[in-house]
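The sequence shown begins at 1 in UniProt numbering and counts up one residue at a time. We put the CB at the ideal spot given by N, CA and C, even for glycine. One structure is given below, encoded as structure tokens.
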Amino acid sequence: FIAITVFGPIVDWSKSGFPLVHYQRKMTVVIQVPQLAEYVLSNPKFFPGLHNASQPRTSKGLQNLDPQRQLEAIWHAMSAYIQEILEAGRGVRIDHFGAFTFEPIVAPYGNPKNFRSSALRLRPCFVPDEKFKTTLRRYAGKEETPTRQGSIYQQGINVMYLNKVPIAAGLFLKTPVVADGVKALFKAVQDLSSRDYNLDLDFKFCRIQVLDGDLKAKFSPGLVLEAQKGAQNWPTREASSNPLPTLAQAMSTVPCEEPAAKCENNDSCNKAEAGGNKADDEVVEATNIGA
């Protein structure tokens, strides 16, 4: 546990009637990831699963981890996997906890339709789960009051559920072990938050803090910069190797005025010229017969 020193004001009234304010130190206990894993393992009845015992690795050359280190390894591998997804410009939703995603920074009345790509900004954000939100007594719960064009609450970035298979493959553990561990960890977060405990959860790319019933998310500057790179890369259409002909080129009766070297559809032009020469020969033969 980490103890944070907080200076709280204490007001005393003097005999003259004027308030005398002095500060007294108060110790606040904050639970981090190691203490969270210890809390899960100390209550197996409330958080059952395969994570409560040391599980064999899928690779014979690796040693088994004790339950405490096993849960901490699952947390760190999960954080690294979520960071990779966010750097790719997508969001992740975690059951019993919330979603990590991005929100476009737009003007109060919406962005113009045609604006520079350098003007587009994405801001990483965390949207708590509904059940988790009920445990936060001081959390406003108003992510967005007015509706705005471009907001994640109207048109969101692609959000996917947390996939446990890549996490298990990276740790050389079976997928049910990782699934039970992730579920137990975030259920413990809800339980501790409902008991008014202070939490400091380090995801490497983000730090989620629950202090006095309020929630704050602090993202790393590297993730913010990486998100801007994906936001400013507008989709481009490559030139086709066989472009569709224009209307003038598609109509065989319309002669092509371009030189043969610059004509993009030489076959249609040659067919049109051959058809025109054939028609001229038929007219000449009909004239000779009439004469």
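**Report entry** Start-to-end residues for the beta strand (DSSP E) that takes in Y81
**Finding:** Not the beta strand (DSSP E): Y81 falls in the alpha helix (DSSP H), residues P67 to E87.
**Report entry** Candidates G181, Y139 and L225, of which the one nearest A217 by Cα
**Finding:** Y139
Query raised in the report: Which residue from K229, M78, V165 and F97 puts its Cα closest to that of E130?
Result: F97
Query raised in the report: Do three or more CB pairs link the region 32–41 to the region 182–202 at distances below 8 Å?
Result: yes
**Report entry** Chain-order list of residues whose beta-carbon lies under 6 Å from that of Q209 (same chain, five-residue window excluded)
**Finding:** D200 and K216
Report task. Going by DSSP, name the residue or residues bridged to Q209. Result -> D200 and K216
Requested in this report: Using only alpha-carbon positions, find the residue among G181, C206 and R195 that is nearest to R69.
Outcome: G181
Query raised in the report: Under the DSSP definition of a beta bridge, which residues are partnered with G91?
Result: V159
**Report entry** Neighbour-count burial assignment, L162, 16 or more Cβ in a 10 Å radius
**Finding:** buried
Requested in this report: Keeping to the same chain, check which residues put their C-beta closer than 7 Å to that of N52; ignore five residues upstream and five downstream.
Outcome: L41, P44 and P67
Query - Separation of L223 from F186, as counted between CA atoms - result: 23 Å
Report task. Would you kindly work out how many angstroms separate the C-alpha atoms of R195 and F100, rounded to a whole number? Result -> 24 Å
Query raised in the report: Nearest CA to the CA of residue 338: which residue from K183, T28, G91 and S220?
Result: The shown model of the chain, from 1 to 291, leaves out residue 338, and the question about it has no answer.
Query raised in the report: In whole angstroms, what is the alpha-carbon distance linking P124 and G89?
Result: 10 Å
Report task. May I ask you to report which of helix, strand or coil DSSP gives F186? Result -> helix
Query - L122 versus F46, G91, P104 and D212, residue with shortest Cα-Cα distance - result: P104
Query raised in the report: In terms of residues, what are the limits of the alpha helix (DSSP H) holding L122?
Result: It is not in any alpha helix (DSSP H) - L122 instead sits in the beta strand (DSSP E) that spans L122 to P128.
**Report entry** Nonlocal neighbours in the same chain, by C-beta distance under 8 Å from K204, ignoring five residues either side
**Finding:** H76, S79, A80, Q83 and S220
**Report entry** A168 - containing alpha helix (DSSP H), residue span
**Finding:** K164 to L171
Query - Rounded C-alpha distance that separates V177 from A73 - result: 12 Å
Requested in this report: Look at the alpha carbon of L86 and the alpha carbon of K164, and state the distance between them as a whole number of angstroms.
Outcome: 16 Å
**Report entry** Where T135 falls, given that 16 or more other Cβ within 10 Å makes a residue buried
**Finding:** buried
Report task. Please classify G91: is it buried, with 16 or more other beta-carbons within 10 angstroms of its beta-carbon, or exposed? Result -> buried
Query raised in the report: Is P34 helix, strand or coil by DSSP?
Result: helix
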